[in-house]
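Notes follow once the structure below has been shown.
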Amino acid sequence: MIPTPEVNGRVPPVVMLPARGSKIPLVFDSPHSGSHYPESFKTLVSLDRMRRAEDAFVDELFAAAPDHGAPLIAATFPRLFVDPNRAPEDFEPSEVQGAFAVPLQPSKKAAVGKGIVWTRLHGLASLYEAPLTATEVMRRIDAYWRPYHVAVASALDEAFDEFGRVYHVNCHSMRARGNPMDEDGESDRPDFVISDGDGGTSDPHFTKFVSDHLRDEGFTAPCNDPYKGADLVRRYSDPARGRHSIQIEINRKLYMNEERVEKAATFPAIKDVLTDLIRTIADYVRDDAG
Ligand SMILES: [Zn+2]
């Protein structure tokens, strides 16, 4: 994880590296790379196993963003504790005890225990010894999900207000192979996947520009297959008004050992590839703002 200074002896839910030098309307965020497991978070599975759900080290891969005029926002908490890339209503009510304050809209993922708070890992009836309560789910949303979204929304609004347009890159990593419950089933995944909800969250020209750059570097980088993008790109985008959000997924085999959740020897080389991508995107955004 990128360095996370404690505030009043506590790790804050979100860390932001502000842009250095001349600012441009570009914002990066990494919602799933958090690896600070709160003391109160007790589950039936080992830390090693939970850590495999993280998009480990993704914030570090994009740590050069501020040098190119763009802030980087990263969650410090793990995504299975509460997932910033899900809507707060995305939860299956039968997974908890008690009632929610708002009507729920569970997605297919929530039905298998991967809604805004994960309640199951593969093959487990529950992550928790005692059933989770609706109060606890709502507490996590207020204490972790909300500050993360405030940080992302504020950075995007600030850039949009100043420049009249903003580009948002939502950064993730994916397992090298899917499992039977994934959209793509048990198949090998490409090096990168760039998503814009089939053109719904960004000018497709920008999406294609990012994909083409990675292809020119020798990688496979399809658009919107198998991923389309989730809550964070949908929630803050409005391409017709100049608000463009794309999701980028990096295949973990490129930079880490998935079983051990450790950086591979290739990590510095892939970080260089992504630093070059940041520079290329910053040039695109500068030209567009020109
Ligand atoms: Zn992710």
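Under the numbering used here, the residue at position 287 of the sequence shown is numbered 281, and the numbers go up by one with no gaps.
We put the beta carbon where it would ideally sit given N, CA and C, even for glycine.
According to DSSP, what are the bridge partners of residue i?
| i | result |
| --- | --- |
| D281 | BP columns for D281 are empty, so no partner. |
| S239 | H162 |
| F22 | L66, V163 |
| I275 | For I275, which the question treats as bridged, DSSP gives no partner whatsoever. |
| F186 | I244 |
| K361 | The structure shown does not extend to residue 361, since the chain is modelled only from -5 to 284, so the question has no answer here. |
| N251 | E256 |
| V1 | R4 |
Starting from the C-beta of residue i, find all residues in its chain whose C-beta is less than 6 Å away, skip the five residues before and the five after it, and write them out in chain order.
| i | result |
| --- | --- |
| D225 | N79, R80, A81 |
| D197 | P233, H238 |
| P125 | Q91 |
| C217 | I188, T201, S205 |
What's the C-alpha gap between residue i and residue j?
| i | j | result |
| --- | --- | --- |
| R133 | C165 | 25 Å |
| A147 | E180 | 35 Å |
| H62 | R43 | 35 Å |
| K202 | R169 | 23 Å |
| D136 | P6 | 13 Å |
| S16 | G158 | 16 Å |
| G194 | P233 | 7 Å |
| L118 | S34 | 20 Å |
| H30 | A95 | 28 Å |
| E177 | F154 | 34 Å |
| V8 | G28 | 9 Å |
| D266 | L55 | 8 Å |
| R254 | V227 | 30 Å |
| R114 | K103 | 11 Å |
| V111 | T127 | 11 Å |
| A276 | E89 | 43 Å |
| L20 | V279 | 7 Å |
Which whole-angstrom value is the C-beta distance of residue i and residue j, which I expect to be below 8 Å?
| i | j | result |
| --- | --- | --- |
| D219 | V187 | 7 Å |
| A145 | M10 | 6 Å |
| I244 | V204 | In fact, because the Cβ distance is near 12 Å, the residues do not count as touching under 8 Å. |
| Q99 | D77 | Q99 to D77, Cβ: 15 Å. No contact. |
| Y142 | P25 | 7 Å |
Determine whether the beta carbon atoms of residue i and residue j lie at a separation below 8 Å.
| i | j | result |
| --- | --- | --- |
| R246 | S167 | yes |
| I18 | A64 | yes |
| P72 | L66 | no |
| V163 | I242 | yes |
| L38 | Y122 | yes |
| A105 | E86 | yes |
| S101 | G109 | yes |
| G223 | G191 | yes |
| H207 | T274 | yes |
| K257 | F22 | no |
| Y221 | L150 | no |
Check the Cβ-Cβ distances between residue i and every residue of chain B, and say whether any is below 8 Å.
| i | result |
| --- | --- |
| A215 | This model lacks chain B altogether, as it is built from one protein chain only. |
Leaving aside the five residues before and after residue i along the sequence, list all residues of the same chain whose C-beta is less than 7 Å from its C-beta, in chain order.
| i | result |
| --- | --- |
| L248 | D185, T260, I264 |
| E252 | R46, R169, A170, R246 |
Among residues of its own chain, excluding the 5 on either side of residue i, which ones have a beta-carbon nearer than 8 Å to its beta-carbon?
| i | result |
| --- | --- |
| P32 | F71, F75 |
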